[in-house]
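Below is one structure, written out as structure tokens, with a few remarks after it.
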Amino acid sequence: MQLKDSNTYINLAKAYAGECMALTRYKFVSYGAQTEGYKAMSNLINDVIYNEFQHARMLYTFIQSADKGTINNIDIHSGFPFKEKWNLLDNLKFAADDEEAEVEVYGSFAKVAHDEGFRDIAGLFENLQQVESCHQKLFTQLYNQLKNDTMYKSDTPVKWKCGDCGYESTSKEAWQQCPLCQAVQGAVLINIED
Numbered sequence: 161m162q163l164k165d166s167n168t169y170i171n172l173a174k175a176y177a178g179e180c181m182a183l184t185r186y187k188f189v190s191y192g193a194q195t196e197g198y199k200a201m202s203n204l205i206n207d208v209i210y211n212e213f214q215h216a217r218m219l220y221t222f223i224q225s226a227d228k229g230t231i232n233n234i235d236i237h238s239g240f241p242f243k244e245k246w247n248l249l250d251n252l253k254f255a256a257d258d259e260e261a262e263v264e265v266y267g268s269f270a271k272v273a274h275d276e277g278f279r280d281i282a283g284l285f286e287n288l289q290q291v292e293s294c295h296q297k298l299f300t301q302l303y304n305q306l307k308n309d310t311m312y313k314s315d316t317p318v319k320w321k322c323g324d325c326g327y328e329s330t331s332k333e334a335w336q337q338c339p340l341c342q343a344v345q346g347a348v349l350i351n352i353e354d
């Protein structure tokens with residue numbers, strides 16, 4: 161079977177569109193974090209945005225390999241979420257939910273690719289599943305920390321590090337303003353569990 165005649169081809173296009181939309185939605189979330197003073201959170205989200213860009217690039221490369229000429233159109237019918245508003249806490253929860261949905265979708269896309277004999281593409285979808293699962297965990301942790309006011313507080317002393325100048329100290333709570341460079345608390349690197 162030729163890739164261009166397969167369901168995998170359509171799934172690649174759907175995944176590409178989904179990754180492009182996700183990176184744009186997460187730009188909105190990053191912008192919201194930045195405007196609310198959460199510079200370190202915005203930087204973490206920007207890392208996810210770059211991951212999503214790379215995912216789109218890899219999917220696009222497979223799509224382009226299906227034809228030596230240009231591909232003028234791939235007609236796809238798919239649904240995409242438009243949940244984000246301008247509330248940072250809600251948007252972190254929506255992002256976690258969207259990543260969880262991607263994990264499920266990529267699992268089904270991997271199965272189709274395997275069944276159609278496209279092992280490399282199945283492997284791509286399986287690897288994307290793993291990364292999207294990590295993104296889901298990150299957004300869930302950010303959501304819970306912001307919701308529970310534990311982003312810059314801990315029951316036990318932990319090391320806090322300024323993301324601007326590198327100043328470090330160990331305590332139960334991060335400083336309001338960096339003692340070295342005067343950066344606001346939102347520049348303090350966020351403790352994320354692996």
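The C-terminal residue of the sequence shown carries number 354 in our numbering, and the numbering is unbroken. Using N, Cα and C, we set each Cβ at its ideal position, and we do this for glycine too.
*Taking the beta strand (DSSP E) that residue 207 falls in, what are its first and last residues?*
That residue, residue 207, is in no beta strand (DSSP E); its alpha helix (DSSP H) goes 199-224.
*By Cβ distance, which residues of its chain are closer than 7 Å to residue 161, with the 5 residues on each side in sequence left out?*
276 and 277
*Along the chain, where does the beta strand (DSSP E) that runs through residue 264 open and close?*
Segment 248-275 is the alpha helix (DSSP H) holding residue 264; no beta strand (DSSP E) there.
*Going by beta carbon distance, what residues of the same chain come within less than 6 Å of residue 340, once the five residues before and after it are set aside?*
325 and 327
*At what residues does the beta strand (DSSP E) containing residue 318 begin and finish?*
313-321
_Under 8 Å, with one C-beta from each stretch per pair, do the segment 264-274 and the segment 303-311 reach the 3-pair mark?_
no
*CA nearest to the CA of residue 238, picked from 305, 250 and 265*: 265
_Which of helix, strand or coil DSSP assigns to residue 310_ = coil
*Run through DSSP, which three-state label would residue 238 get?*
coil
*Exposure of residue 217, with buried meaning 16 or more beta-carbon neighbours within 10 Å*: exposed
*asked:* Starting from residue 332, trace the beta strand (DSSP E) in both directions and tell me its first and last residue.
replied: 328-333
*asked:* I'd like to confirm the pairing. Which residues does DSSP put opposite residue 344 in its beta bridges?
replied: 337
*Just the C-alpha distance for residue 297 and residue 256, rounded to the nearest angstrom, thanks.*
7 Å
*Reference residue 226; option with closest CA among 165, 253 and 352*: 165
*asked:* Does residue 179 come out as helix, strand or coil in the three-state DSSP assignment?
replied: helix
*Return the CA-CA distance between residue 346 and residue 283, expressed in angstroms with no decimal places.*
38 Å
*Applying the criterion that 16 or more other CB atoms from any shown protein chain within 10 Å of the CB defines a buried residue, is residue 232 buried or exposed?*
exposed
*Tell me whether the beta-carbon of residue 303 lies closer than 8 Å to the beta-carbon of residue 249.*
yes
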